[in-house]
Structure formats: structure tokens, C-alpha cells
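Peer 1: I'd like to ask you about the structure that follows.
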Amino acid sequence: MGAQQVRERFTELYGAAPEGVWAAPGRVNLIGEHTDYNDGFVMPFALPHQVTAAVSRRTDGLLRLHSADIGGEVVELALDGLAPGTDDDWTAYPAGVVWALREAGHPVTGADVHLASTVPTGAGLSSSAALEVVVALALDDLFGLELPRWKLARLCQRAENVYVGAPTGIMDQTASACCEEGHALFLDTRDLSQRQIPFDLAAEDLRLLVIDTQVKHAHSGGEYGKRRAGCEKGAALLGVDALRDVAYDGLEAALEQLGDESEVRRLVRHIVTENRRVERVVELLTSGDVRAIGPVLTEGHASLRDDFRISCPELDLAVDTALASGALGARMTGGGFGGSAIALAEASAVDTLTKAVEEAFAAAGYTAPRVFEAVPSPGARRLG
Ligand code: GAF
16 MGAQQVRERF
26 TELYGAAPEG
36 VWAAPGRVNL
46 IGEHTDYNDG
56 FVMPFALPHQ
66 VTAAVSRRTD
76 GLLRLHSADI
86 GGEVVELALD
96 GLAPGTDDDW
106 TAYPAGVVWA
116 LREAGHPVTG
126 ADVHLASTVP
136 TGAGLSSSAA
146 LEVVVALALD
156 DLFGLELPRW
166 KLARLCQRAE
176 NVYVGAPTGI
186 MDQTASACCE
196 EGHALFLDTR
206 DLSQRQIPFD
216 LAAEDLRLLV
226 IDTQVKHAHS
236 GGEYGKRRAG
246 CEKGAALLGV
256 DALRDVAYDG
266 LEAALEQLGD
276 ESEVRRLVRH
286 IVTENRRVER
296 VVELLTSGDV
306 RAIGPVLTEG
316 HASLRDDFRI
326 SCPELDLAVD
336 TALASGALGA
346 RMTGGGFGGS
356 AIALAEASAV
366 DTLTKAVEEA
376 FAAAGYTAPR
386 VFEAVPSPGA
396 RRLG
């Protein structure tokens, strides 16, 4: 939805024009899955799909929220009453951000907010991070907080972990806050150091397709937390701070050390090889060998399916069909258990590939997938 529409609707709802309009995107993760809560490497890029927010300050301790996507009345919350676990719907994300900012000592005295999103929800494309980041950026601007982007991302992650109660890592919020157009973001989640890696697919006559399986997922459900706990157990058994500290060359020795802890062994193997795959993709993209990342992406899918065990039949069908119809590489992306897959393909193969995936889903009796092209887009910003 355009900035003008969001601005107009805000004016209708709240009786005065907003002080500003901001946007924050969803993301696709190219490679580096479930590595972010292991202090590892990730490589997301921003989607053109975004959450747009029209916002004005208030000084009376009230937060008023409205979403064009949910509809209904304006929701009014008292800032003093904000507490983790009290909101169980979409308002927990913006309310959690306000709570996290205030808890960190930032003088946020209230706001009127109207939001509209084009990021598909439950599709593994970070609709919640986009919602958090757009609110954080607007409040940062309006209250003159001047927080660096990485810090805004940290506060949003805190909102999600503590206020909403989903034990996620730092990738999605950092992607929404820090990505740049035409680039993928190589992020070291240990110290949050970043490198923007040029990722211009069109110049190579390549396309990256997102296949949204329409199987909805949520991170507050138990499986994400179980994987995280399993990784932490692995680190403890190996005597390291985080699985990031297990070197690729030391993987065999580490697996041996884990003895008959077969589940932990699988999780460790995924994290260690996945960190290596991120480094490999960075090397290939930096040397201009974009097509060569395809097999690395496909290897990542096998690792998520067989070792981390977070794929599902719809994601596997999307990946297998894409590969069978000419994709250079394909993998599930995001948290897993549903959501989306990505496929890297020659521009000339896009129509055939899309049709093949749609037909395979229909033949399997699955809900029709949504296939669209992902172009590396700008991160969060003020629109007006
Ligand atoms: C979700 C989480 F929010 C991220 O922090 C990350 O762990 C991802 O799943 C898996 O890579 O998107």
C-alpha cells in the first residue's frame, strides 16, 4: 500500500495528518538458516514487500494502534500497563517495541499508529520483524532517539523474545533495519558486524523466485524452541559458548565427542556446515560466480530437511520440482515447518518452473502456492 493511502487513512482515523510515514521490508534469507541463535552467519536480503506506518507522537501515555489488514476499531493501550504476555494478537508486536524502548530508558510518551502491510504473514518472510522495525524506526525519528540501526534491531528482537514470547534470533530484525537495495546482507550474528554483498540478479539474467507454500507457521510454537534448546545442549556438551565456535575442520571430532547423542549430532552438523555454506556463498558472490551458489543452496535444503528436520512435504515438493525444471539451486527459507522456498533460475526458465510447481502442487492436492520474484530491495526508511 502506498504512503499516500496510509497517510490519508491515518487522518481519517485520528482526525489529523500524521507527523510522518515510514516503511520496513520483509526478507528472504539466501543462506544461513537457524545459525543466528548460534552466533553464526546469515545472508538475508530485503523484499519489496513492506509494512508502511503513519505515526504521530502523543504525550499522554497512550498508544493507539490500527491496522488496515486487520480492520476493526482503533486499539487503545496505556503505556504504563504494557507487560509481556498481556496482548495475544497482532498488537503485541508494536506494543512490544514501545515496551522495549521504554524499558531501555527511552522517553517514548505515546503514539498514534496506522499500519498497512504487503508482507505475506506466516510465510517465513518476516512479516513480524517488518512490523516491529517500522514502529521502532518511526519512534526513533519522532522522539529523536538517534539509535543505530543494529540497536533498533536488538530492541525489536527483545520485543519478540520477551513481550511476544517467540525465542527467535537477530536475523530478521537486522535484515529489515539494515538491508540495502541490490545487496544481500552478510551478517555475523556474534558481533553484528555487516557487509553488504552486491547481489544484482537481473545483470546476470537470473531470477530468484519465492514459492510461498501457503502452509502457515509460527515461531512461538514448540518446534523452533526445541531446535534452539538442542543447539544449546550441543554447545554445552562440546564445551563452547555457541556452535559457531565449532570449526568446520573440527566437525568430525565434535560429532565423535557427542557419542550417541544422535539428535544433537544432527543439529550440530547442520549448524557447522551451514555456517560454511554462508562463507562459500559470500566467496562465490564476491568473485562474481553467481550461478555457482545454486548447488550450495540445494545442499542447505538437504541439511535442513535431513539433519535439522524442519522441512515439510510442501517445501520438499517445491524444491524438488524447481530443481527438476531447471532451477540452479533451491531451498526452504526462514524458520521452516511451512512458509516459503526459494529457487535460483535463469530468467528464461521462470515460466516453465512456475508452471511446473503449480502443477505439482495441484497434482498432490495441496493449496495452490504463490510464486513471485524477489528483488533485493531497500531496508527500513522514512517515506515522508
Ligand atoms: C526465524 C527466526 F525469526 C530467525 O531468527 C531465524 O532463526 C530463522 O527463523 C531461521 O534461520 O525467521
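Position in the sequence shown (from 1) plus 15 gives the number in the numbering used here. Glycine is no exception: its CB is placed at the ideal position from the N, C-alpha and C atoms. Remember, predicted model here, so these are calculated numbers, not experimental data.
Let me check understanding here. Comparing Cα to Cα, which of ALA333, GLY184, GLN188, VAL113 lies closest to ARG164?
Peer 2: Residue GLN188 is the option with its Cα nearest to ARG164.
Peer 1: Please give me, in chain order, every unbroken run of the beta strand (DSSP E) with length at least 3 that falls completely inside the stretch 30 to 100.
Peer 2: Here the runs fully enclosed are 35 to 44, 59 to 72, 77 to 82, 90 to 93.
Peer 1: Measuring only the C-alpha atoms, how far is LEU154 from ALA192?
Peer 2: 14 Å
Peer 1: Under a three-way DSSP split, which group does GLU271 fall into?
Peer 2: helix
Peer 1: Just to confirm, is the Cβ distance from GLU195 to GLN211 under 7 Å?
Peer 2: yes
Peer 1: Under the rule that 16 or more other beta-carbon atoms within 10 Å means buried, what is GLY309, buried or exposed?
Peer 2: buried
Peer 1: Going straight from the alpha carbon of ALA110 to that of LEU97, what length do you get?
Peer 2: C-alpha of ALA110 to C-alpha of LEU97: approximately 7 Å in a straight line.
Peer 1: Is ILE325 helix, strand or coil by DSSP?
Peer 2: Coil.
Peer 1: Compute the distance between the beta-carbons of PHE214 and PRO391, then report whether it is under 7 Å.
Peer 2: yes
Peer 1: Give a single yes or no on whether MET58 has its beta carbon closer than 6 Å to a heavy atom of ligand 1.
Peer 2: no
Peer 1: Any residues whose CB sits closer than 5 Å to a heavy atom of ligand 1? List them in chain order?
Peer 2: GLU48, HIS49, ASP51, THR183, GLY184, MET186, ASP187, GLY349, GLY350
Peer 1: Spell out the partners DSSP gives GLN211 in its beta bridges.
Peer 2: LEU200
Peer 1: Helix, strand or coil, according to DSSP, for HIS121 in the structure here?
Peer 2: coil
Peer 1: Could you tell me which residues DSSP pairs with ALA360 in its beta bridges?
Peer 2: ARG222
Peer 1: Expressed to the nearest angstrom, what Euclidean distance is found between the alpha-carbon atoms of LEU282 and ARG73?
Peer 2: 47 Å
Peer 1: Compare the Cα-Cα distances from ARG284 to each of GLY249, GLY354, LEU312 and report the closest residue.
Peer 2: GLY249
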